[in-house]
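Protein chains in written order, with UniProt numbering: chain P, 1 to 160; chain R, 1 to 734.
Yeah, the Cβ is synthetic: ideal placement off N, Cα and C, and Gly gets one too.
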Amino acid sequence: MAVNLTVNGENRSIEVEGDTPLLWVLRDELGLKGTKFGCGAGLCGACTVHLNGAPIRSCSTPLELAAGGEITTIEGLGEPGKLHPLQQAWVEHGVPQCGYCQSGQIMSAAHLLKTNPSPTRDEIVAAMTGNICRCGTYSRIVAAVESVVGIVEPARQEGA
Amino acid sequence: MTMNRRDFLKVGAGTSGSLLISLSLPGCAGVQTGFKPESGTWKADAWLELTKSGDIWFTLDRVEMGQGTYTGLTTLIAEELEVAPEAISVRFAPVAPEYRNPLFKLQLTGGSTSVATAWEPLRTAGASARQLLIMAAARVWNVDASECSATDGRVVHANGIDSLPYAKLVELASREVLRGDVGLKPRSEWKLIGKANKRLDAIAKSTGTAEYGIDVELPGMVYAVIARAPRYGARVSGFNADEVLAMAGVVDVFEIERGVAVVADKYWRARKAQAALKVDWDESEALSLSTADVFTGYREAADDDTGESERSEGDFDDALESASRVVEAEYEQPYLAHATMEPMNATVWYRGDHAEVWAPTQGPDLGRIAVARHTDLSPDDVTVHTTFLGGGFGRRLVQDYIEEAAAVAYRVEKPVKLVWSREEDTQHDLYRPAMLHRMKATVEDGNLTGWHHQIVGPQILDWYVRNAAPAQYPWAPKFMYGTLGKVGVMAEGLATPKDVSAIEGAIGYPYQVGNIDIRHTHTDPGVPITWWRSVGYSHNGFAVETFMDELAHEAGQDPYQFRRNLLANEPRHREVLDRAARLAKWGEPLAEGRARGIALFRSFGTYVAQVVEAGIEGGSIRVYKVFAAVDCGQVVNPQIVRDQIEGGALFGLTAALYGKIDFVDGVVQQSNFHDYQMLRQYERPEVVVDIIESDEAPTGVGEPGVPPVIPALGNALFALTGKRQRVLPLNANA
Numbered sequence: 001m002a003v004n005l006t007v008n009g010e011n012r013s014i015e016v017e018g019d020t021p022l023l024w025v026l027r028d029e030l031g032l033k034g035t036k037f038g039c040g041a042g043l044c045g046a047c048t049v050h051l052n053g054a055p056i057r058s059c060s061t062p063l064e065l066a067a068g069g070e071i072t073t074i075e076g077l078g079e080p081g082k083l084h085p086l087q088q089a090w091v092e093h094g095v096p097q098c099g100y101c102q103s104g105q106i107m108s109a110a111h112l113l114k115t116n117p118s119p120t121r122d123e124i125v126a127a128m129t130g131n132i133c134r135c136g137t138y139s140r141i142v143a144a145v146e147s148v149v150g151i152v153e154p155a156r157q158e159g160a
Numbered sequence: 001m002t003m004n005r006r007d008f009l010k011v012g013a014g015t016s017g018s019l020l021i022s023l024s025l026p027g028c029a030g031v032q033t034g035f036k037p038e039s040g041t042w043k044a045d046a047w048l049e050l051t052k053s054g055d056i057w058f059t060l061d062r063v064e065m066g067q068g069t070y071t072g073l074t075t076l077i078a079e080e081l082e083v084a085p086e087a088i089s090v091r092f093a094p095v096a097p098e099y100r101n102p103l104f105k106l107q108l109t110g111g112s113t114s115v116a117t118a119w120e121p122l123r124t125a126g127a128s129a130r131q132l133l134i135m136a137a138a139r140v141w142n143v144d145a146s147e148c149s150a151t152d153g154r155v156v157h158a159n160g161i162d163s164l165p166y167a168k169l170v171e172l173a174s175r176e177v178l179r180g181d182v183g184l185k186p187r188s189e190w191k192l193i194g195k196a197n198k199r200l201d202a203i204a205k206s207t208g209t210a211e212y213g214i215d216v217e218l219p220g221m222v223y224a225v226i227a228r229a230p231r232y233g234a235r236v237s238g239f240n241a242d243e244v245l246a247m248a249g250v251v252d253v254f255e256i257e258r259g260v261a262v263v264a265d266k267y268w269r270a271r272k273a274q275a276a277l278k279v280d281w282d283e284s285e286a287l288s289l290s291t292a293d294v295f296t297g298y299r300e301a302a303d304d305d306t307g308e309s310e311r312s313e314g315d316f317d318d319a320l321e322s323a324s325r326v327v328e329a330e331y332e333q334p335y336l337a338h339a340t341m342e343p344m345n346a347t348v349w350y351r352g353d354h355a356e357v358w359a360p361t362q363g364p365d366l367g368r369i370a371v372a373r374h375t376d377l378s379p380d381d382v383t384v385h386t387t388f389l390g391g392g393f394g395r396r397l398v399q400d401y402i403e404e405a406a407a408v409a410y411r412v413e414k415p416v417k418l419v420w421s422r423e424e425d426t427q428h429d430l431y432r433p434a435m436l437h438r439m440k441a442t443v444e445d446g447n448l449t450g451w452h453h454q455i456v457g458p459q460i461l462d463w464y465v466r467n468a469a470p471a472q473y474p475w476a477p478k479f480m481y482g483t484l485g486k487v488g489v490m491a492e493g494l495a496t497p498k499d500v501s502a503i504e505g506a507i508g509y510p511y512q513v514g515n516i517d518i519r520h521t522h523t524d525p526g527v528p529i530t531w532w533r534s535v536g537y538s539h540n541g542f543a544v545e546t547f548m549d550e551l552a553h554e555a556g557q558d559p560y561q562f563r564r565n566l567l568a569n570e571p572r573h574r575e576v577l578d579r580a581a582r583l584a585k586w587g588e589p590l591a592e593g594r595a596r597g598i599a600l601f602r603s604f605g606t607y608v609a610q611v612v613e614a615g616i617e618g619g620s621i622r623v624y625k626v627f628a629a630v631d632c633g634q635v636v637n638p639q640i641v642r643d644q645i646e647g648g649a650l651f652g653l654t655a656a657l658y659g660k661i662d663f664v665d666g667v668v669q670q671s672n673f674h675d676y677q678m679l680r681q682y683e684r685p686e687v688v689v690d691i692i693e694s695d696e697a698p699t700g701v702g703e704p705g706v707p708p709v710i711p712a713l714g715n716a717l718f719a720l721t722g723k724r725q726r727v728l729p730l731n732a733n734a
């Protein structure tokens, strides 16, 4: 039975078993490889996407739980031809090293700013603690988020 | 990863400043250089290609795994070619002799060698192309080349009027011949080297478009997962093939060397089928030890045999006789997994007469051997496409995941993507070896007079030569692979340089003590091991620099001054030590409940001193600040150096606080990030990095940030609690 989703603003119909984690649907069925597999257990945050505006670990969210939902992935974060302010800040601050965790980091940061447009340093750290970076880019992540505080509009419509 | 270690089958000289254009080795298919009219491209040398349409391609022969080669090595080319780094497109190198790491004679990225080995050849490549373009323009204008110069992708004449873009000159330049010195730019003319140029891969890595191995997608691709034995060395004796084959999407289920492969049309279906798979294992030859047995074995080996002396100065026994006091201590370090964020994976497509591999690998030429070993192909029939790596840390120097994917692809004859789970990645790793250190020092009249360090544990080359030796001789027939591997191990220290993986760092003990004896008791419990970001330096650094702290305490001296006083002949060591101490305001009072620890270690030619400020809060160790001073010679990109030292410090702190792989009856107890923890954002200390200005040749920075931070933290905890911890990971309740 097909499951319908809205992914980055597009309606998609997916024919795979409903227990398939959303991560593999996004990556292998929809070709959205920016969302990464890190642990398969919701422990590292590399697979973070937004479901109906909330950050979720797509590696441990079965497709059937996301049915009918609106999903935003790293590919849907900016506007066509234009980086999201966070992505721009990531580039300016040279955040990524190996880069593998950064899609998840950015999606966590994007949700933070959407719900709390002027977070304190402590709030940023708390919001980003679920995302592991093995290269140790943590300080630049905080600096990059702080640099766009007040720039990202709180009412920003995801995937629009 | 020191230079001579992997250079175990040494051939010829190292890097050279001479022209490397059209370099090729007899009997090896090299990179074709020259102009291709059909595509309008000029391949100036193995690294650089310019097109008539204005593109500049750089073939990057070291992989990008977060350490910054993508930016750093492109900067070297851009500096000499006189173009902006952003004007250069980067592609990852295929396997070719030109791309071998000159220190290892293998196409390896590791050992913090990339900038050090590329420093001369890549600048030479850029400068050579620039000179040829200038000569071509001079011929067009019928002037002397000395009247022309290059800037921002153009050759310009001194008259200020004539100017030609490189795109117009590439065909002509291909016909010019360089004679004599290529004329590298003097340091005073550098525009890019030494500056914090932006990371060239940051956009791709911030938009999800950078392609890692796990992202490779091919038409008709199937997915493989492998059920491996819980105990290393066990063999498959049977499994329920029929039941699993009947499951949705399952393409095949069969035995391979390391277990049972399950192949399905989708990854999740392969995983579900694997969950239904029941394998009976023959464990007669499997690993059955527990970690405690490893250390018992080490102690017995150490008692039996003090091992080979690796460095001996003065006479330690004399020092022992005349000593007024002898201090002894024993240190233990556990096995460690690598935990790259991107789990092991590889995609292999076997097509009868040839195979292609897409993989995040630190050794693409070893990847070819891995495929040859499991198919009917020879290495020359195998093409390896290297992708971005989601972390390496030494793990991807071993090609076991390519071997597995190749074995599956050979049977199913379709493109196969193999993906390991995090649990498999943690439990079937090749680990940083567990090690035991016995330290003994003599004190006479309050002075340190003797240093005795006995290192007990295995050597990594014993595990690595099996694959590396055939890769050095890719033309060797496969039946010789075993022999090449055995010769590599047996000839150690004779035909091949010595494996220093166990003793690196320890033998470089820098302190002026009259009598030194450093020994290695070689004993291998059979647990698979490999390199791990700074490997030997990581465990030796902890033992040496913790024991130095103990000796300072014994002598009633300040640990910084104690070290400093013994470094009169080591100005570079002393300078980083002084700088780190100054940066940390060593000696000034700290907030209640905090203490400082200091450590100093040279690794991979780079000197790093670190001061850690730590405390214990709510039963947990908290690291507040790390102050690091680094001397890595000339700096290509100070931002990348700082990032590497900071990242290295966090990597070391992760090991110091959490790192431990435990075996119980041969089974690894840890499995995922809940029980094999990584340092997280909320625990991140502030890291301050001071880089020493230098005219020395550049040395690596990928690993040297790791070793000193571990003892520096332990020493801080001692200063805080008065209790000395000699076993890693550190314990808040010790």
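query	result
With P:Ser13 as the anchor, note down where its beta strand (DSSP E) starts and where it stops.	10-14
Smallest Cα separation from R:Arg228: which of R:Met221, R:Pro219, R:Gly238?	R:Gly238
Taking the straight line between their C-alpha atoms, what separation do you get for R:Ser163 and R:Lys195?	28 angstroms
Cutting at 8 angstroms between CB atoms, please list the residues of its own chain near P:Glu64, excluding the five before and the five after it.	Val3, Gly18, Asp19
Using a Cβ-Cβ cutoff of 8 angstroms, what residues of the segment 94-107 of chain P are near chain R? List them in chain order.	Gly94, Val95, Pro96, Gln97, Cys98, Gly99, Tyr100, Cys101, Gln102, Ser103, Ile106
Anything in chain B within Cβ reach of R:Trp141, meaning under 9 angstroms, just list it in chain order.	This model lacks chain B altogether; the protein chains it does include are P and R.
Just the C-alpha distance for P:Ser147 and P:Cys98, rounded to the nearest angstrom, thanks.	22 angstroms
Alpha carbons only, please: which of R:Glu120, R:Asn197, R:Thr117, R:Cys148 is nearest the one belonging to R:Leu133?	R:Cys148
Quick check: the segment 693-706 of chain R against the segment 526-538 of chain R, are there 3 or more CB pairs under 8 angstroms?	yes
Ignore the nearest five residues each way along the sequence and tell me which others in R:Ser324's own chain have a CB closer than 8 angstroms to its CB.	Val443, Glu444, Asp445
On the DSSP bridge list, what partners appear for R:Trp42?	R:Phe35, R:Leu50
Residue range of the beta strand (DSSP E) that R:Met435 falls in?	435-444
Can you tell me which of R:Glu613, R:Asp690, R:Ala84, R:Gln669 puts its alpha carbon nearest to the alpha carbon of R:Pro711?	R:Glu613
Assuming R:Leu567 and R:Tyr511 make a contact with CB atoms under 8 angstroms, what is their CB distance in whole Å?	6 angstroms
Taking only the alpha-carbon atoms, compute the straight-line gap between R:Trp451 and R:Arg311 and give it to the nearest angstrom.	11 angstroms
So the alpha helix (DSSP H) R:Leu577 belongs to, where does it begin and stop?	571-583
Would you kindly report the start and end of the unbroken beta strand (DSSP E) that includes R:Tyr99?	Here R:Tyr99 belongs to no beta strand (DSSP E), and DSSP marks it neither H nor E.
Using DSSP with H/G/I as helix, E/B as strand and the rest coil, what is R:Gly536?	helix
Can you give me the C-alpha to C-alpha distance between R:Thr33 and R:Leu50, rounded to a whole angstrom?	11 angstroms
Look at R:Lys386 and R:Glu356 and say whether their C-beta atoms are less than 9 angstroms apart.	For clarity, residue 386 of chain R is Thr in the given sequence; the question names Lys instead. No, Cβ-Cβ distance for R:Thr386 and R:Glu356 is not below 9 angstroms.
Can you tell me the Cα-Cα spacing of R:Tyr607 and R:His573, whole angstroms?	6 angstroms
Does the Cβ-Cβ distance between R:Glu82 and R:Arg130 come in under 9 angstroms?	yes
State the CB to CB distance for the pair R:Ala273 and R:Ala264, rounded to an integer number of angstroms; the pair is presumed to be in contact (CB under 8 angstroms).	6 angstroms
At what residues does the beta strand (DSSP E) containing R:Trp475 begin and finish?	Premise fails: R:Trp475 is in no beta strand (DSSP E) and is neither H nor E.
Can you tell me which residues form a DSSP beta bridge with R:Lys417?	R:Tyr223, R:Thr347
Compute the distance between the beta-carbons of R:Ala591 and R:Gln610, then report whether it is under 9 angstroms.	no
Who are the Cβ neighbours of P:Ile151 in its own chain at under 6 angstroms, not counting the five residues just before and after it?	Pro85
Hey, R:His338 and R:Phe393: beta-carbon distance below 9 angstroms or not?	yes
Got a sec: is the Cβ-Cβ distance from P:Met1 to anything in chain R below 9 angstroms?	no
What residues from the segment 567-583 of chain R come within 7 angstroms of chain P, judged by C-beta to C-beta, listed N to C?	none
Could you compute how far the alpha carbon of R:Leu23 sits from the alpha carbon of R:Ala125?	At R:Leu23, the pLDDT of 30 sits below 50, so the modelled position is not reliable; the number obtained from the coordinates is stated separately. Distance between the alpha carbons of R:Leu23 and R:Ala125: 12 angstroms.
Compare the C-beta of P:Thr6 against all C-beta atoms of chain R and say whether one is closer than 9 angstroms.	no
Return no unless some Cβ of chain P is closer than 9 angstroms to the Cβ of R:Gln670.	no
Which whole runs of the beta strand (DSSP E) in the segment 662-721 of chain R are 3 residues long or more, in chain order?	686-691
Taking only three categories from DSSP, how would you classify R:Gln333?	strand
Could you check what DSSP says for R:Lys723 in three-state terms: helix, strand or coil?	coil
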